[in-house]
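A.B. asks: Count the sequence shown with the working numbering and you get residues 1 to 205, in order.
Just so you know, even glycine gets a beta-carbon here, dropped at the ideal spot from N, CA and C.
Since the structure is predicted, the reported quantities are computational estimates derived from the model, not experimental observations.
One structure follows; several queries about it will come next.
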Amino acid sequence: MLIKSAEFVTSNTEVKKLPPPTLPEYAFIGRSNVGKSSLINALTSRKGLAKTSQKPGKTQLINHFIINNEWYLVDLPGYGYAQTSKKNRTEWEKFIRRYLRERPNLQCVFVLIDSRHEPQKIDLDFCCWLGEQGLPFMLAFTKADKQSAVKGDQNMAKFKKALLKWFEEVPPRFLTSAETKLGIDKILAEIDAINQQFVPPLATE
Ligand code: GTP
Ligand code: MG
Numbered sequence: 001m002l003i004k005s006a007e008f009v010t011s012n013t014e015v016k017k018l019p020p021p022t023l024p025e026y027a028f029i030g031r032s033n034v035g036k037s038s039l040i041n042a043l044t045s046r047k048g049l050a051k052t053s054q055k056p057g058k059t060q061l062i063n064h065f066i067i068n069n070e071w072y073l074v075d076l077p078g079y080g081y082a083q084t085s086k087k088n089r090t091e092w093e094k095f096i097r098r099y100l101r102e103r104p105n106l107q108c109v110f111v112l113i114d115s116r117h118e119p120q121k122i123d124l125d126f127c128c129w130l131g132e133q134g135l136p137f138m139l140a141f142t143k144a145d146k147q148s149a150v151k152g153d154q155n156m157a158k159f160k161k162a163l164l165k166w167f168e169e170v171p172p173r174f175l176t177s178a179e180t181k182l183g184i185d186k187i188l189a190e191i192d193a194i195n196q197q198f199v200p201p202l203a204t205e
């Protein structure tokens with residue numbers, strides 16, 4: 001898919017203030033610092049579109065970007081950021097989970113996992129929660145450039161094995177790098193295919 005335009009739309013914590021749910025939407029989520037904002041910039045080939053940082057906890061709000069005037073990319077705050085107060089973590093839980101459950105045009109959640117690490121409980125728990133909610137998701141393993149291809153593949157295989165304890169089938173998985181652009185075309189192709197099938201949800205108000 002060719003990215004002709006990519007623009008910031010809004011930052012929010014409240015579902016009712018989000019852009020109208022008339023276009024297909026894809027949310028990027030995962031641990032703090034896993035590379036969500038960087039992957040969004042790589043997907044759109046726009047370096048400064050989503051704000052990135054070496055320090056975890058950079059993205060704090062639900063950030064909407066409109067791509068080609070046809071679909072939304074959503075950059076979300078990360079989970080598992082140890083420095084955040086308990087109150088902040090609870091707030092995260094509330095507004096992010098609410099957004100994920102209530103957004104009618106959300107087509108797929110991309111869960112980002114650091115490809116350098118063995119499966120982590122926090123990521124597995126989050127995938128299970130998505131499964132319980134019936135939310136479709138795919139897995140993007142990030143920072144592939146930071147270690148050997150073999151190591152990345154091994155960690156992906158271990159994560160798949162761990163998920164198979166709870167799921168009958170595992171969703172599509174992609175090894176990615178925001179640096180080398182590995183996996184970017186594959187993710188855009190998945191989004192393109194879903195966009196073709198999109199039927200706008202009926203207005204409920
Ligand atoms: P929060 O918004 O804080 O939750 O973080 P995030 O998940 O959006 O991560 P972000 O994109 O800000 O990236 C965190 C750090 O990892 C930055 O220093 C990035 O440059 C680096 N990074 C992200 N993706 C990659 C990658 O594919 N390769 C390499 N080498 N570094 C990456
Ligand atoms: Mg971020």
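Rounded to the nearest angstrom, what separates residue 104 and residue 73 at their Cα positions?
C.D. replies: 14 Å
A.B. asks: From which residue to which residue does the alpha helix (DSSP H) around residue 131 run?
C.D. replies: 121–133
A.B. asks: Determine the burial state of residue 69: buried for a count of at least 16 other Cβ atoms within 10 Å of its Cβ, exposed for fewer.
C.D. replies: exposed
A.B. asks: Which residue's Cα is closest to the Cα of residue 24: 132, 64, 169 and 172?
C.D. replies: 64
A.B. asks: Give a yes or no on whether the C-beta atoms belonging to residue 110 and residue 28 are separated by under 7 Å.
C.D. replies: yes
A.B. asks: So, with DSSP's three-state summary, where would you put residue 152?
C.D. replies: helix
A.B. asks: Does the contact criterion of 3 or more C-beta pairs under 8 Å hold for the segment 48–57 versus the segment 9–24?
C.D. replies: Taking a contact to require three or more Cβ pairs closer than 8 Å, the segment 48–57 and the segment 9–24 do not qualify as touching.
A.B. asks: What do you reckon, is the C-beta of residue 91 under 6 Å from a heavy atom of ligand 1?
C.D. replies: no
A.B. asks: Are the beta-carbon atoms belonging to residue 101 and residue 133 less than 7 Å from one another?
C.D. replies: yes
A.B. asks: Is residue 143 near ligand 1, judged by its Cβ being under 6 Å from some heavy atom?
C.D. replies: yes
A.B. asks: Tell me whether residue 34 is buried or exposed, calling it buried when 16 or more other Cβ atoms sit within 10 Å of its Cβ.
C.D. replies: buried
A.B. asks: Take residue 157 as the anchor and find which of 172, 146 and 145 has the nearest alpha-carbon.
C.D. replies: 172
A.B. asks: Taking the Cβ atom as the reference point for each residue, do residue 145 and residue 180 lie within a distance shorter than 7 Å?
C.D. replies: yes
A.B. asks: For the putative contact between residue 139 and residue 113, defined by C-beta atoms under 8 Å, what is the C-beta separation to the nearest angstrom?
C.D. replies: The distance from the Cβ of residue 139 to that of residue 113 is about 6 Å, consistent with a contact at the 8 Å cut-off.
A.B. asks: Could you pull the DSSP bridge partners for residue 138 from this structure?
C.D. replies: 110
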